[in-house]
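J.:
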Amino acid sequence: MESQIHKIHQQLVNKEISCTQLVQEKLEALKANTNNTVNSTLDDTAINLAKKIDHKIANGEAIGLLEGIPFGIKDVFMLQGTTTTASSELLKNYKSAYTATAIQKLLDAGAIPIVKENCDSFGHGSSSENTIFGAVKNAINPDLVGGGSSGGSAVNVAKDYTVFSIGGDTGGSVRQPAGYNHVYGLKPTYGRISRYGLMAYASSTDCVGPIAKSVEDIRIVLNVMSGKDIKDQTTYVSESIPKESILHSDIKTVGYFKNFVESEAIDPKIKEDFLATIEKIKAKGIEVKELDFFKSDILVSTYYTLAMAETASNLSRLDGSNYGNRIDDKNLKESYAITRSENFSEETKRRIVGGNQVLSQGFSDEIYLKGLALRDAIAENFEKDFEEVDIIISPVTPNTPPKIGNSLKDPLAMYLSDAYTVGFSLGQLPTLTVPKGTETGLQITAAKTNDELVLKFANFLKDTL
Amino acid sequence: MSKIMTVDILSSIKGAQPSEAVSKLFDVIKNAQSTNNNSFNNKGNNCVSLNDLRDDIVVESSAIEKQIIIENFPKEKNGYLVVSKIIEE
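Line by line, the protein sequences are chains R and D. Using this note's numbering, you'd call the opening residue of the first sequence number 80 and step up by one each time. Using this note's numbering, you'd call the opening residue of the second sequence number 42 and step up by one each time.
1) Which complete alpha helix (DSSP H) runs does the stretch 246 to 300 of chain R hold, if anything under 4 residues is left out?
2) Work out the CA separation of residue 537 of chain R and residue 527 of chain R for me, nearest whole Å.
3) I believe residue 479 of chain R touches residue 518 of chain R by the beta-carbon criterion, under 8 Å. Please report the beta-carbon distance rounded to the nearest angstrom.
4) If contacts are defined as beta-carbon pairs under 8 Å, then residue 339 of chain R and residue 474 of chain R qualify, I think. What distance do you get, rounded to the angstrom?
5) Please confirm if residue 90 of chain D has its CB atom under 7 Å from at least one CB of chain R.
6) Alpha carbon to alpha carbon, how far is residue 484 of chain R from residue 319 of chain R?
7) What three-state label does DSSP hand residue 336 of chain R in the structure shown?
8) What's the gap between the Cα of residue 80 of chain D and the Cα of residue 435 of chain R?
9) If we define contact as Cβ-Cβ less than 7 Å, is residue 376 of chain R a contact residue for chain D?
10) By the criterion of Cβ-Cβ separation under 7 Å, what are the contact partners of residue 57 of chain D in chain R?
11) According to DSSP, is residue 502 of chain R helix, strand or coil?
12) For residue 159 of chain R versus residue 178 of chain R, is the C-beta spacing smaller than 7 Å?
13) Sort out for me which residues DSSP pairs residue 487 of chain R with in a bridge.
14) Under DSSP, the beta strand (DSSP E) around residue 522 of chain R begins and ends at which residues?
15) Name, please, each residue of chain D whose Cβ falls closer than 9 Å to the Cβ of residue 169 of chain R.
16) Can you tell me whether residue 389 of chain R is helix, strand or coil according to DSSP?
17) Give a yes or no on whether the minimum CB-CB distance between residue 118 of chain D and chain R is below 7 Å.
18) Of the residues R:264, R:284 and R:241, which one's Cα is nearest the Cα of residue 561 of chain R?
19) Comparing alpha-carbon positions, which option in R:256, R:251, R:202 and R:245 lies nearest residue 223 of chain R?
20) Taking the beta carbon of residue 507 of chain R as the centre, do at least 16 other beta carbons fall within 10 Å, making it buried, or is it exposed?
21) Determine, using beta carbons only, whether residue 100 of chain D comes closer than 7 Å to chain R.
22) Report the rounded CA-to-CA distance for residue 100 of chain D versus residue 390 of chain R, giving the unit in angstroms.
23) Closer than 8 Å by C-beta to residue 123 of chain R: which residues in its own chain qualify, once you throw out the five before and the five after it? Chain order, please.
24) Distance cutoff 7 Å, beta carbons only. Does residue 113 of chain D sit that close to anything in chain R?
25) Are residue 407 of chain R and residue 414 of chain R touching if we call contact CB-CB under 7 Å?
26) Going by alpha carbons, who is nearest to residue 354 of chain R out of R:182, R:429, R:521 and R:542?
27) Is any beta-carbon of chain R found at less than 7 Å from that of residue 73 of chain D?
28) Using a Cβ cut-off of 7 Å (strictly closer), state whether residue 104 of chain D contacts chain R.
29) For residue 47 of chain D, decide whether its Cβ has a neighbour in chain R, counting only Cβ atoms nearer than 7 Å.
30) Mind checking whether residue 523 of chain R and residue 457 of chain R have CB atoms under 7 Å apart?
31) Report the neighbours of residue 416 of chain R on chain D: residues whose CB is nearer than 7 Å to its CB, in chain order.
32) DSSP three-state label for residue 82 of chain D, please.
33) Can you say whether residue 239 of chain R is buried or exposed, counting buried as having 16 or more other CB atoms within 10 angstroms of its CB?
34) Only counting runs of 3 or more residues, tell me where the beta strand (DSSP E) segments fall wholly within the stretch 129 to 184 of chain R, in order along the chain.
35) Got a sec: is the Cβ-Cβ distance from residue 125 of chain D to anything in chain R below 7 Å?
36) Should residue 327 of chain R go down as buried or exposed, given a rule of 16 or more other Cβ atoms within 10 Å for buried?
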């Protein structure tokens, strides 16, 4: 089974490469890269950790599968002692006081963090252009966006600057950049991985997600990061997914949303390729069913209403009092206002203002509460669907990546480009982007907590498409 | 409180105005038909069982954590951490 992690592990064990050399090469490649994927590199700690691994190998000690594997971290995760900027002006000098649970689990397994990665500021964007570190350039065509918000992470994996990277997915922020850069990206079931230490955007859909070049590597990293965490009470107990369990597919029925492919907004080539994929799946003896679903504009509006309300609340703590780039003014309230006005990007301000609008008296009933009701209806719809089918597949995006500069000019178009990813976020379902099927990949979704089935079908598609 | 607060005050962002793009999203919600108007009785909520709550104890921060929290504080004078002038209304 293809796996970058297994391959490098074997090279380390066989002493074909030293861990120090491996880490140094990756750091050099990251620093020299022109895709704007890097917010900061973690040279000293990474080299020190690599030396320890080399020492262990030289002493004939066994090393774990992830020991010595260099990885990247989206710059919204806390890693003690490193700057965690959220790609924002406000936090450009902020230093993490503690380490996120998901990252700590990877450190405990011996993986080596080498870079904090560029992304849309606070996760606010679908192109990784909303950042103080320069727009992330697509790995395949640098004139195009890297996707977002975990754009730097997806490009680093695609370019082999990191073996895997850890992104955050609230409405598609792992899956869409994975699709745009032709790699794998998983949004696990909400609650499978602890959010402790991930800067909150919209807490009810925020997920930690791995990006990698193979299904096997996604499985390995997912297993390490999963599990109940007392510091995030929405987490649940999950079983580790064994390698053998995803090797053979027993999936009998697959569904797809008719209205996604019949939409006027979809690129004709993506539509054609998606329908051709359906035919290939049918040819393998799998029954494919057309399913009804909510209109794309309702999905996008429901998602953004709830996400903006939550981000307005989550980001209200960022006022420059205890940390951040405080700008003092004549009194406390004025200091808050000037600090936030000067340090938040236009997109972040747009979302905070939108969130406060829908939470205001007079608006909350007809917008926010209705959004919550719609989310419940969407979740119910999914439950019914998964009584009919094992897996739902869909395109990742209606269109190919836009040129750098275009998304910032038209925020509504950017919101609507999330049409195929946000529904699965609202349903809190496990969804994986595979770099197959269409120019921007395919999404594979299963019922809640059935992340194993998603990986199983991805493995099956690897040989089918 | 009867005082009407505008979004710039609510958001603590000077000169903030509602955006046209976002208003278009809200219009879609206003016009949508929802089959279920009771949003609080459903499974979309992630409830924690009373038996599963974490212990109500104070966890001491490590020395390094405390040190970094102090380092992150924007202003320091004569060993004191300085906040902006607080006004009374």
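From the three backbone atoms N, C-alpha and C, an ideal C-beta is built for every residue, glycine too.
T.: So, from the data block:
1) 254 to 259
2) 17 Å
3) 5 Å
4) 7 Å
5) no
6) 42 Å
7) strand
8) Model confidence at residue 80 of chain D stands at a pLDDT of 49, short of 50, so the residue's coordinates are unreliable; what they give is reported in the following sentence. Rounded to whole angstroms, residue 80 of chain D to residue 435 of chain R spans 20 Å at the Cα level.
9) yes
10) 428 and 432
11) helix
12) yes
13) None; residue 487 of chain R has no bridge partner.
14) 521 to 524
15) The premise fails here: residue 169 of chain R is roughly 11 Å from chain D at the closest Cβ pair, so nothing lies under 9 Å.
16) helix
17) no
18) With chain R represented from 80 up to 544, any question about residue 561 of chain R goes unanswered, as that position is not in the structure.
19) R:256
20) buried
21) no
22) 27 Å
23) none
24) yes
25) yes
26) R:521
27) yes
28) no
29) no
30) no
31) 53, 54 and 55
32) Low local confidence applies: a pLDDT of 49 at residue 82 of chain D is under 50, so the model's placement there is unreliable, with the coordinate-based value given in what follows. Looking at residue 82 of chain D - three-state DSSP - the assignment turns out to be coil, as it is neither helix nor strand.
33) exposed
34) 149 to 153
35) yes
36) exposed
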